[in-house]
């Protein structure tokens with residue numbers, strides 16, 4: 224599968240990219256700065272000999288991709304997505320974006336649309352089969368609303384756990400429990416995103432049984 228990562232030079236995008244590359248997928252690292260994307264791709268390729276990783280502009284990554292993954296900050300969606308809107312037509316789009324703020328009492332701060340997934344869908348339009356771990360169009364690869372809601376809720380819970388663990392680790396950088404808590408939360412997020420991509424792939428192939436097994440496993444997790 225050819226996966227294009229919008230905003231792929233950041234920690235989340237590159238972390239997912241290296242794992243998908245090691246799993247045998249072709250990974251396209253996208254960025255507003257193509258040179259930066261090429262540098263990050265070279266760095267990842269060096270860590271995964273034989274893996275297919277390349278860097279390019281966000282638009283080129285989306286154009287060439289079979290599945291598009293959004294890993295930009297929540298406040299960057301409005302500036303980034305209009306440029307790739309046309310290239311997203313007819314493609315599966317997965318958003319990892321969850322709007323979090325730091326330093327206040329409420330970490331999860333959704334936009335007026337209700338979630339970052341819905342904001343991305345509004346910008347990209349109905350032609351993109353957006354699953355933002357959120358909503359999807361009614362094609363063969365679309366995730367049903369109940370499953371999409373479950374995935375989105377799980378992602379929000381994991382992102383809040385990551386934010387809290389990072390805060391604890393910053394205040395006590397030598398604390399082994401704080402470090403382990405952060406590491407486990409990050410592993411859970413990677414696992415959820417990998418399951419989501421696998422689910423979409425099975426649904427795209429029309430393998431309802433395989434998709435059901437993934438959903439059942441995600442529910443148990």
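In my numbering, the protein residues as written are 224 to 444.
Where a beta carbon is used, it is the ideal one built from N, C-alpha and C, also for glycine.
**Report entry** Whole-angstrom distance between residue 252 and residue 234, CA atom to CA atom
**Finding:** Going by C-alpha positions, residue 234 is about 12 Å away from residue 252.
Query raised in the report: Can the beta-carbon of residue 438 be found closer than 8 Å to that of residue 422?
Result: Going by C-beta atoms, residue 438 is nearer than 8 Å to residue 422.
Query - DSSP state of residue 413 mapped onto helix, strand, coil - result: The answer is helix: DSSP assigns residue 413 an H, G or I state.
Requested in this report: Return the Cβ separation of residue 261 and residue 278 in integer angstroms, given the expectation that the two are a contact with Cβ distance under 8 Å.
Outcome: About 4 Å separates the CB atoms of residue 261 and residue 278; that is less than 8 Å, so the two are in contact.
Query - Residues near residue 245 in its chain [Cβ-Cβ closer than 8 Å; skip 5 each side] - result: Excluding its 5 nearest sequence neighbours in each direction, residue 245 has C-beta neighbours in its own chain below 8 Å: 271, 274, listed in chain order.
Query raised in the report: What are the start and end residues of the beta strand (DSSP E) that includes residue 280?
Result: Counting along the chain, residue 280 sits inside the beta strand (DSSP E) bounded by residues 276–280.
**Report entry** Nearest residue (CA-CA) to residue 410, options 224, 242, 228, 425
**Finding:** Of the residues 224, 242, 228, 425, the one whose Cα lies closest to the Cα of residue 410 is 242.
Requested in this report: Report the residue from 248, 296, 298, 348 whose alpha carbon sits nearest the alpha carbon of residue 307.
Outcome: Answer by Cα proximity: 348.
Requested in this report: Keeping to the same chain, check which residues put their C-beta closer than 8 Å to that of residue 413; ignore five residues upstream and five downstream.
Outcome: Once the five neighbours on either side are set aside, the close Cβ partners of residue 413 are 238, 239, 242.
Query raised in the report: In angstroms, rounded to a whole number, what distance separates the CA positions of residue 282 and residue 316?
Result: Distance between the alpha carbons of residue 282 and residue 316 is about 14 Å.
Query - Span separating the alpha-carbon of residue 404 from that of residue 388 - result: As the crow flies, the alpha-carbon of residue 404 is around 6 Å from that of residue 388.
**Report entry** Rounded straight-line distance, which links the Cα of residue 296 to that of residue 341
**Finding:** Residue 341 and residue 296 have their alpha carbons spaced roughly 15 Å apart.
Query raised in the report: Alpha carbon to alpha carbon, how far is residue 408 from residue 426?
Result: Answer to the nearest angstrom: the Cα atoms are 27 Å apart.
**Report entry** Per-residue burial, residue 398 [other beta carbons within 10 Å of its own, 16 or more giving buried]
**Finding:** The residue is exposed, with fewer than 16 neighbouring Cβ atoms inside 10 Å.
Requested in this report: Tell me whether the beta-carbon of residue 301 lies closer than 8 Å to the beta-carbon of residue 228.
Outcome: Pairing residue 301 with residue 228 gives a Cβ-Cβ distance that is not under 8 Å.
Query - Alpha carbon of residue 390 to alpha carbon of residue 294, nearest angstrom - result: Going from the Cα of residue 390 to the Cα of residue 294 covers about 21 Å.
Query raised in the report: Per DSSP, residue 293 forms a beta bridge with which residues?
Result: Paired residue(s): 229, 318.
Query raised in the report: Quick one: does residue 296 have its CB under 8 Å from some CB of chain C?
Result: Of the protein chains in the structure, only one exists, and it is not chain C.
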